[in-house]
């Protein structure tokens, strides 16, 4: 499957998205007809439109540190809906589906391995990054089941600082998904 190049949203596209939501679902703060909405925004998919709406344009979405109340709502929502993140987000109210998924998988999931890193795991992590680049999700799935991508990324950062590594790294976006990995030169 070919990956589409990510490109930033323009103010004009934001205007088209707002107008499309108003046309397709007037007065609905939680639109769901994303395929119909996306037909009004050329070059954007239904998923693009949904993510943009809930990440940047929905009025009640909060950024930054999660409150204890939001964590409690997230725990209850996951108990009720599992990992159906769109439904979970409607129960949390103040966070979008991506924020809920990330908070759960990086922080609140009770199956997370929170044990410290052994020296053997440190060596394995360094080797894995040399082989796969910074594809954290792939690395933890392959080598460190139970650890999170964020945990591996943080540990790697600590290790490279400790070693004062002088190897240059080509930078791109560093996230937990496999579409924006960095590789050692």
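Numbering (full-length UniProt numbering), first residue to last: 1 to 185. Yeah, the Cβ is synthetic: ideal placement off N, Cα and C, and Gly gets one too.
Tell me the rounded alpha-carbon separation between residue 34 and residue 11. Taking the first residue of the chain shown as 1, we reach residue 34 at position 34. Taking the first residue of the chain shown as 1, we reach residue 11 at position 11. If you take the alpha carbons of residue 34 and residue 11, they lie about 19 Å apart.
In or out: residue 99 buried (at least 16 other Cβ within 10 Å) or exposed? Taking the chain shown and counting its residues from 1, one reaches residue 99 at position 99. So residue 99 ends up on the buried side.
Exposed or buried, what is residue 83 when buried is set at 16 or more other beta-carbons lying within 10 Å of its beta-carbon? Taking the chain shown and counting its residues from 1, the one referred to as residue 83 is at position 83. The residue is exposed, with fewer than 16 neighbouring Cβ atoms inside 10 Å.
CA-CA distance, residue 79 and residue 104? Taking the chain shown and counting its residues from 1, one reaches residue 79 at position 79. Taking the chain shown and counting its residues from 1, one reaches residue 104 at position 104. Spanning the two alpha carbons is a distance of roughly 12 Å.
What is the residue span of the alpha helix (DSSP H) that residue 55 lies within? By one-based count along the chain shown, residue 55 stands at place 55. From DSSP, residue 55 is part of no alpha helix (DSSP H); its letter is neither H nor E.
Kindly indicate which residue of 46, 126, 92, 133 has the alpha-carbon position closest to the one of residue 71. Counting from one through the chain shown, the residue named residue 71 turns up at place 71. Taking only the C-alpha atoms, the option nearest residue 71 is 92.
Pair within 9 Å by beta-carbon distance, residue 106 and residue 160: Counting from one through the chain shown, the residue named residue 106 turns up at place 106. Counting from one through the chain shown, the residue named residue 160 turns up at place 160. Not a contact, by the Cβ cut-off of 9 Å.
Taking the straight line between their C-alpha atoms, what separation do you get for residue 81 and residue 163? To locate residue 81, count along the chain shown from 1; it is residue 81. To locate residue 163, count along the chain shown from 1; it is residue 163. Their Cα atoms are separated by approximately 44 Å.
Looking only at its chain, what residues have a beta carbon closer than 6 Å to the beta carbon of residue 24, apart from the 5 residues adjacent to it on each side? As a working note, residue 24 is residue 24 in the chain shown. The answer, listed in chain order, is 33, 36, 37.
What's the gap between the Cα of residue 119 and the Cα of residue 129? Within the chain shown, numbered from 1, the residue matching residue 119 stands at position 119. Within the chain shown, numbered from 1, the residue matching residue 129 stands at position 129. Going by the C-alpha atoms only, they are around 15 Å apart.
Looking at the secondary structure, which residues open and close the alpha helix (DSSP H) in which residue 145 lies? The sequence position of residue 145 within the chain shown is 145, counting from 1. First-last for residue 145: undefined, no H or E at that position.
Return yes when the Cβ of residue 94 is within less than 9 Å of the Cβ of residue 62, no when it is not. For the purposes of this step, residue 62 is identified with residue 62 of the chain shown, where counting begins at 1. For the purposes of this step, residue 94 is identified with residue 94 of the chain shown, where counting begins at 1. Against a cut-off of 9 Å, the Cβ pair of residue 94 and residue 62 comes out as a contact.
Identify, in the order they occur along the chain, each residue of the same chain with its Cβ nearer than 8 Å to the Cβ of residue 49, setting aside the five sequence neighbours on each side. On the chain shown, residue 49 is found 49 positions in, with the first residue counted as 1. Around residue 49: 17, 20, 34, 37, 38, 41.
Residue 138 and residue 132 look like a contact to me (Cβ under 8 Å); what is the Cβ gap, rounded to whole Å? Translated into positions along the chain shown, residue 138 becomes position 138. Translated into positions along the chain shown, residue 132 becomes position 132. Right, their Cβ atoms sit about 6 Å apart.
For residue 162, three-class secondary structure by DSSP: Here residue 162 refers to the residue found at position 162 when the chain shown is read from its first residue. If DSSP states are grouped into helix, strand and coil, residue 162 belongs with the helices.
Whole angstroms is fine: what's the gap from residue 144's alpha carbon to residue 22's? On the chain shown, residue 144 is found 144 positions in, with the first residue counted as 1. On the chain shown, residue 22 is found 22 positions in, with the first residue counted as 1. Roughly 46 Å between the two C-alpha positions.
Kindly list the residues whose CB is nearer than 6 Å to the CB of residue 67, restricted to its own chain and excluding five residues on each side of it in sequence; keep chain order. Residue mapping note: residue 67 aligns to position 67 of the chain shown, counting from 1. The answer is none, since no qualifying residue turns up.
Comparing C-alpha positions only, which one of 30, 156, 116 sits nearest to residue 134? Start at 1 with the first residue of the chain shown, and residue 134 comes out as number 134. The option with the nearest alpha carbon to residue 134 is 156.
If you reduce the DSSP assignment to three classes, tell me which class residue 93 lands in. If you number the chain shown from 1, residue 93 lands on position 93. Looking at residue 93 - three-state DSSP - the assignment turns out to be coil, as it is neither helix nor strand.
Return helix, strand or coil for residue 18, following the three-state DSSP convention. Against the chain shown, residue 18 aligns to sequence position 18. Looking at residue 18 - three-state DSSP - the assignment turns out to be helix.
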